[in-house]
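Each residue of the sequence shown is one higher than the last, beginning at 2 in the numbering used here. For every residue, glycine included, the Cβ atom is placed at its ideal position computed from N, Cα and C. Worksheet: one structure, shown below.
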Amino acid sequence: FIAAPGIQAGEVFGNQYFRIIQFQAIPSVAQRQQLEAAGIKLTSYFPNYAYLAIINQQANLAALRDAGARAVVVFQPTWKLQKQLATGILPEHAMADKNNIDLVVRYYKSLDGNSVNTALLGEGYTVIRRYDYGSWVEIRADKTQINAIAALPFVAGVEPIAPAPTPDDEPARSLHRSSTINTYSPM
């Protein structure tokens, strides 16, 4: 990877691409700083000394060798899909109509929400709602496009929208504090 990273044009977003990097041991603070100075930012931790990395196209990849990297893996689109979506099960509550599904698309935290929004609109998806603080966008898309959405380089995860909330209990008074003033029986 260091000598020939093999970056595809469709993997780049905003002059960056994303990989999972596994190390021999957890990188020290000094090693993390060296990687960041080289253009490689480690973000989310995965088990067994692996991190999601945001890599600048002009990054000095030799810094990976110095930090003890042992594997660099492309983040596969199927890994980004929620379990039901990955198996082809489309939840009824998420279906806007017979052809379209409402999805929550999570993007990498260091990315600009406006750029992500523009890219999704450019792909022809309808943006329903944005939540930049949480790094997610709710979109409506054709149900056949789920894998294409997961394959977008800035996408960290895809899941169906949450179902409509339902009450936890029967309709009644739900004040749990006790008071003689707040009783049904006369005194």
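- Query: For V105, which option in L82, T119, A26 and F47 has the closest C-alpha, if you only look at C-alpha atoms?
  - Reply: Per the Cα distances, L82.
- State the CB to CB distance for the pair D103 and R71, rounded to an integer number of angstroms; the pair is presumed to be in contact (CB under 8 Å). Distance from D103 to R71 at the Cβ level is roughly 40 Å; contact not present, criterion being Cβ atoms closer than 8 Å.
- Task: Give the DSSP-derived three-state secondary structure of A165 in the structure shown.
- Result: DSSP, read as helix, strand or coil, puts A165 in coil.
- Query: Could you check where the beta strand (DSSP E) with L104 kicks off and where it finishes?
  - Reply: From DSSP, the beta strand (DSSP E) with L104 extends over N101 to Y108.
- Task: Tell me whether R66 is buried or exposed, calling it buried when 16 or more other Cβ atoms sit within 10 Å of its Cβ.
- Result: Classification of R66: exposed, given that the 10 Å Cβ count is below 16.
- Own chain residues within Cβ distance below 8 Å of N148, not counting five before or after: Only P78, T79 and L82 meet the Cβ criterion.
- Item | Continuous alpha helix (DSSP H) assignments of at least 4 residues falling wholly in the region 12 to 51 | List check, alpha helix (DSSP H) in window: 30 to 38.
- Message: Given the structure, does N49 come close to the ligand ZN, in the sense that its CB is under 8 Å from one of the ligand's heavy atoms?
- Response: As for the ligand ZN, it is missing from this structure, which has no ligand bound.
- Starting from D143 and walking both ways along the beta strand (DSSP E), at which residues does that stretch end? Start and end: W137 to D143.
- What's the C-alpha gap between F14 and V117? Taking the straight line joining both Cα atoms gives about 9 Å.
- Mark V30 as exposed unless 16 or more other C-beta atoms lie within 10 angstroms of its C-beta, in which case mark it buried. For V30, the number of other beta carbons within 10 angstroms of its own is below 16, and it is reported as exposed.
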